[in-house]
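Protein chains in written order, with the working numbering: chain A, 105 to 619; chain B, 2 to 344. Let me begin by presenting the structure, written as structure tokens, before commenting on it.
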């Protein structure tokens, strides 16, 4: 787990600074109590407490009572830390789906970790006002958006504190995760306009991001884009509708949806006033998607007019494709062929592989052993007992197979490693070019102050032209492109990681259901 | 029983014509050739081969002159005599007197190659080799079956080879393993490896080219329809872009890239490799065969492999300390230096 540890520390450092990351690093070895953390870090108690508050309010750590309530220990949640780097994507999806104001609201929640709805609105309103002083802020619009975010379950309500007399506060045990508190748009508006400073009634009902809801959106995106790529945009649209209908009748993280009647799909299209090619050929589209090897859909057992969405299969198919790509890029096209053969045949002997793969003997062996060495495939030995095969003959069968869970786990770790690498390389580049970057910042702030003094753009440009030498300029450009490349790589790595984590999620669920 | 004769004359034949025919006449249809007949017979003209084929199709029942005359009316009595005598001389045909009627029977070609002077050992080994058919037999198995000692067996095999009665063939499965079979047999596909082997070497490039061309054909089919795909329903469109192995075979044959004649089975094997490449999908048709179509993968290449770490050969040794570390990583440096945008 070293990769994950390193990565978590790096992410914490980037998001929350030094102290929280040091605490995170301590906690990544296992749960610890406050005195233990303090003594390990040799920091003043106040700083440690502050850091812990940051971690806990952002949901990347939690606490629990031990020794019958006599002490409290703190626990780091590594998977939550990883979601921090996914936040830009969350913001992008929200802006796409619900608009700019919703994005600002979510941004505010991210900034504070937990926040009450009215505070959220007030802060966003203040920000909008600052950005655009001429326009009046539409508080009612923000209010509606905030309510919508709760209604759509993008925000989740933190449980209220019932009793905080002991060492550990006791939380109210309610199921109402998405119940809105008493809100008054008028009061909020009054505060925004500075007419009142009274405490709003919902100040102690705080909310945080509902990561699962965001992940659900991202998952839908992945599924729809996969279908669009395999078939066409109409099929993608159909998938979108199917998923929407699925959530009306099934909890979103079930591996198989409840049956969806075809007539309902048609009704949805009619309601959306879509009477195009898709509407005319809906049955055929369903058939084509059902027959495909990706197995996103299947006809329900309840009858041919019902369709079920196989989320688990879909995620599996996508993960397969992902691994295929990785094998192909790392080892080549023929190893990918071999990898796929072994996966689809379950257990496979060497001879069988080269026969199907149509690869020369030696090459096939080379690739197979390479895959084995890199842990993409596994080897099982089956030896026939000497008694049955006759004296002196001890026949051993060597069977190759793919342990998908293990492969996914391994690739996930490599993703952690790669993500960590990208981040530490970025840090390295930054410290290498620290002087240059500082100079650039100084010049920028100088230009800003000049602008405030009323100098014209051209004058400023001329004045600043000579402050940096041409080699410095090219160097700066290079450094910037390096930063850009690395952050883009980090973002894309997270896409890969997301799919693999989805796979693990459904696999874990399956194990849970079996037991 | 029937009595063997060395040759016939025209008189005998005409005599035979006059006597009542006892042999039951069967309708003669071209019968599928036996494996032995596959070997081309050297030194015989077309007519002789025709007659020989007819005789072989009747097997041990034998054929009277009448039947030959009926089947091949274009051959006169003189021609027939000439042909039969030629065949008898070549040892391909035997003449028998069956209840007063002359009957010709095709001899087993192996029998035909039996040369006088073979001793018991040679005969035994020959029979063992003959039994193995066109799959051949390994020298160790011959030794076990014949109970001959190695040196003696080597001598016998050498002598038989010298007489051109048997031959040694190398198998593609095990290059150094010699397999013995009768001289005029065509080795089985499992030994020669079929279309994919030339002199025991797997023709990797040939397979690759076929693989590419098959894919090109299927992709072409898809692209041809791309403009008017929405004139059809999706299911119909899918059928239109699909092709059976036979259609692919036709395309490949017309391309003329293959020197050997490819069978439908061969193309199926190639299509199977494409299927395992994830580039095509197959659908089971009602008659049990598959139709194939080109498909897109579900995902574009993931972000992981676009970065050097995703394809790094030493990622397992990578850490924040030591020789392999991200700060000084050559792969990362090269990648970051690259001007071209790879994303």
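Don't be surprised by glycine CBs; every beta carbon is placed ideally from N, CA and C. Please read all numbers here as calculations on a predicted model, not as lab measurements.
Proximity below 9 Å, CB of residue i to CB of residue j
i	j	result
residue 246(A)	residue 205(A)	yes
residue 222(B)	residue 294(B)	yes
residue 347(A)	residue 311(A)	no
residue 414(A)	residue 403(A)	no
residue 481(A)	residue 446(A)	yes
residue 63(B)	residue 53(B)	no
residue 251(A)	residue 292(A)	no
residue 525(A)	residue 219(B)	no
residue 461(A)	residue 442(A)	yes
residue 544(A)	residue 597(A)	no
residue 114(A)	residue 599(A)	no
residue 214(A)	residue 112(A)	no
residue 572(A)	residue 547(A)	yes
residue 169(B)	residue 158(B)	yes
residue 122(B)	residue 145(B)	no
residue 333(A)	residue 302(B)	no
Buried versus exposed call for residue i [16 or more other C-beta atoms within 10 Å across all chains shown]
i	result
residue 275(A)	exposed
residue 377(A)	exposed
residue 244(B)	buried
residue 268(A)	exposed
residue 537(A)	buried
residue 39(B)	Note that residue 39(B) has pLDDT 40, beneath the 50 cutoff, so the model's placement of it is unreliable and no number is given.
residue 314(B)	exposed
residue 337(B)	buried
residue 664(A)	This structure cannot speak to residue 664(A), because chain A is shown only from 105 to 619.
residue 444(A)	buried
residue 133(A)	exposed
residue 304(B)	buried
residue 155(A)	buried
Per-residue contacts from residue i into chain A (C-beta, under 8 Å)
i	result
residue 239(B)	392
residue 279(B)	425, 428, 440, 444
Nearest neighbour of residue i, chosen from the options [CA to CA]
i	options	result
residue 244(A)	290(A), 265(A), 184(A)	290(A)
residue 486(A)	148(A), 480(A), 505(A), 473(A)	505(A)
residue 130(B)	181(B), 238(B), 187(B), 105(B)	181(B)
residue 273(A)	176(A), 279(A), 341(A)	176(A)
residue 372(A)	355(A), 344(A), 393(A)	344(A)
residue 136(B)	78(B), 75(B), 171(B), 241(B)	171(B)
residue 273(B)	213(B), 141(B), 169(B)	213(B)
residue 242(A)	294(A), 193(A), 263(A)	294(A)
residue 209(B)	444(A), 178(A), 438(A)	438(A)
residue 260(B)	144(B), 138(B), 204(B)	204(B)
residue 237(B)	421(A), 522(A), 385(A)	385(A)
residue 298(A)	226(A), 331(A), 317(A), 613(A)	226(A)
residue 522(A)	592(A), 558(A), 454(A), 539(A)	592(A)
residue 183(A)	169(A), 116(A), 147(A)	116(A)
Within chain A, partners of residue i - CB distance below 7 Å
i	result
residue 354(B)	Any answer about residue 354(B) is impossible in this case: the structure gives chain B only from 2 up to 344.
residue 234(B)	385, 388
residue 208(B)	462
Per-residue contacts from residue i into chain B (C-beta, under 9 Å)
i	result
residue 532(A)	327, 328, 329
residue 333(A)	297, 298, 299, 300, 301
residue 403(A)	Within 9 Å Cβ-Cβ: nothing; residue 403(A) doesn't reach chain B, min ~15 Å.
Contact list for residue i against chain B, beta-carbon separation under 7 Å
i	result
residue 522(A)	305, 308, 310, 311
residue 222(A)	The premise fails here: residue 222(A) is roughly 39 Å from chain B at the closest Cβ pair, so nothing lies under 7 Å.
residue 528(A)	321, 327, 328
residue 600(A)	303, 304, 305
residue 398(A)	299
Chain B contact residues for residue i, given Cβ-Cβ distances below 8 Å
i	result
residue 264(A)	None at all; the shortest Cβ gap to chain B is about 41 Å.
Chain-ordered neighbours of residue i on chain A, where CB pairs are closer than 9 Å
i	result
residue 205(B)	462, 463, 464, 467
The region 291 to 322 of chain B: which residues have C-beta closer than 7 Å to a C-beta of chain A, in chain order?
296, 297, 298, 299, 300, 302, 303, 304, 305, 306, 307, 308, 310, 311, 312, 316, 319, 321
Short-range partners of chain A found in the region 75 to 103 of chain B, where Cβ spacing is below 9 Å:
none
Name the residues in the region 457 to 469 of chain A whose C-beta lies less than 8 Å from a C-beta of chain B; which are they?
460, 461, 462, 463, 464, 465, 467
Looking at chain A, which residues of the region 220 to 232 of chain B have a Cβ within less than 7 Å of any of its Cβ atoms?
231
Selection of the region 148 to 170 of chain B by Cβ proximity to chain A, strictly under 7 Å:
none
Along the region 411 to 430 of chain A, where does the CB come closer than 7 Å to a CB of chain B? Name the residues.
421, 422, 425, 426, 428, 429, 430
Could you list the residues in the region 260 to 277 of chain B with a C-beta less than 8 Å from some C-beta on chain A, going in chain order?
270, 271, 273, 274, 277
Short of 7 Å Cβ to Cβ, which residues in the region 501 to 521 of chain A face chain B?
518, 519, 521
By the 7 Å beta-carbon criterion, what residues does the region 339 to 370 of chain A contribute toward chain B?
none
Residues of the region 240 to 257 of chain B with Cβ closer than 9 Å to any Cβ of chain D, in chain order:
The chain labelled as chain D is not found among the protein chains of the depicted structure, namely A and B.
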